[in-house]
Structure formats: C-alpha cells, structure tokens
Amino acid sequence: RRAASNTSSSMMPTTIHQRSALTRASSPSSSPDAGEGDGLVLRKLEGRAALARAVFPVAVACLGGVSFGYHLGAVNPALEHLARDIGVAADVGAKASVVSSLLFACIFSAFAAGGMADRFGRKATLTLAAAALGVGSAACASATGLSAMLLGRALAGVGVGIVSILVPMYISEVSPDEHR
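Position 27 (the sequence shown) corresponds to 27 in full-length UniProt numbering; numbering is contiguous.
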C-alpha cells in the first residue's frame with residue numbers, strides 16, 4: 001500500500017506503516033516498549049543528548065583534579081627558590097611547613113565538604129573551592145614572608161580538600177546513568 005505523496009524524495013516513508021512508525025519514534029510520548037524498536041531508537045537519542053549535556057560540566061569539574069595535582073606537585077621543584085624569596089632558605093622546619101600547610105588544611109576541608117554540599121549545594125560549594133584555590137594561589141604568588149605563604153597554601157588546601165570530595169560526586173550526578 002502506497003501513501004499519497006506529492007514529493008518523490010527517497011528520504012520520505014513510502015508506506016502508511018513506515019510513516020506511522022516514524023511518527024511514533026520521533027514523538028516525545030513514545031513509550032520504551034512501543035512496537036518495532038521505536039522506543040529503543042528514542043532511548044538512544046535521549047542518551048546521546050544527555051551525554052552531550054554532561055560533557056562540559058564534567059570537563060570543567062575535572063579541572064579540579066588538575067588543580068589538586070598542581071598544588072601538590074608544583075611546590076617541590078620550586079621550594080628552594082620560594083624559601084629564598086620569603087627568607088627561610090636555611091630553616092628546614094619552615095620549608096616543611098610550606099609544603100604541609102596545604103595538606104593540613106585539605107584534611108579539615110575534605111571532612112567538611114559533604115556537609116557543605118548538602119547545605120549549600122554542589123555548585124555553590126565547588127564555586128567556594130574554586131575561590132579558595134584562586135585566592136590561595138594569588139596569596140602564594142604575592143607572598144613576601146612565611147606567614148603569607150602559609151596562609152596562601154592553607155587557603156589553597158581548603159579548595160583542594162573540597163574538590164577532592166565533591167568532583168567525583170558531582171561527575172556521578174551529572175553523568176547519564178548508562179555512562180557512569
């Protein structure tokens with residue numbers, strides 16, 4: 001049975017049965033158990049759209065991991081130069097404090113991150129972490145003494161602790177179920 005058609009395009013369905021199947025597959029109200037695999041086609045299209053919507057937030061959130069690694073690793077090669085600049089080149093304890101202050105702050109903020117996320121929301125808490133990382137980095141870059149360097153490293157540690165807990169949680173929440 002041929003349907004009446006004014007066009008001769010090969011892209012148009014040629015039978016009434018094919019035309020109704022196409023309408024069901026493209027209809028937002030199609031059920032997953034519609035006949036002839038129509039629901040499967042719709043689920044695949046919805047899955048691809050959900051994946052596309054998740055790519056950017058996941059990529060941005062993953063920058064938190066990059067920042068974590070940077071703050072942990074960047075201080076070691078530069079420690080001797082930093083120690084000279086802030087006047088503690090001969091003080092091994094002060095140099096150890098510069099390195100460990102980030103980790104010390106990280107411990108406490110990691111424990112607080114879940115509660116903060118529940119109270120203020122994931123995005124707001126991640127924004128706070130980004131602000132702590134930014135302000136901490138700026139404080140470290142402009143530090144002229146040990147106390148300013150320790151403060152900057154501690155602020156960066158707050159951001160690192162929050163990021164280490166919330167980024168995996170956020171990524172799992174924004175990712176489509178079939179891609180987790």
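C-beta atoms are modelled at their ideal positions from N, C-alpha and C, and glycine is treated no differently. Given the structure is predicted, the values throughout are model-derived calculations rather than measurements.
So the alpha helix (DSSP H) residue 115 belongs to, where does it begin and stop?
In the DSSP annotation of this structure, the continuous segment of the alpha helix (DSSP H) that includes residue 115 starts and ends at 92-120.
Kindly list the residues whose CB is nearer than 7 Å to the CB of residue 143, restricted to its own chain and excluding five residues on each side of it in sequence; keep chain order.
Here the set comprises 86, 149 and 152.
Please look up how many angstroms separate the CB atoms of residue 66 and residue 174, rounded, as I've assumed it's under 8 Å.
At roughly 18 Å, the Cβ-Cβ gap does not stay under 8 Å, so residue 66 and residue 174 are not in contact.
Applying the criterion that 16 or more other CB atoms from any shown protein chain within 10 Å of the CB defines a buried residue, is residue 126 buried or exposed?
A residue is called buried once 16 or more other Cβ atoms fall within 10 Å of its Cβ, and residue 126 is buried on that count.
Nearest to residue 102 by alpha carbon, out of 137, 77, 176 and 167?
Shortest Cα-Cα distance from residue 102 to any of 137, 77, 176 and 167 involves 137.
Determine the DSSP secondary structure at residue 168, reduced to helix, strand or coil.
helix
Quick check on DSSP: helix, strand or coil for residue 159?
helix
For residue 163, does the count of other Cβ atoms within 10 angstroms reach 16, so buried, or fall short, so exposed?
With 16 or more neighbouring CB atoms inside 10 Å of its own CB, residue 163 falls in the buried class.
Distance, Cα to Cα, residue 110 vs residue 93?
25 Å
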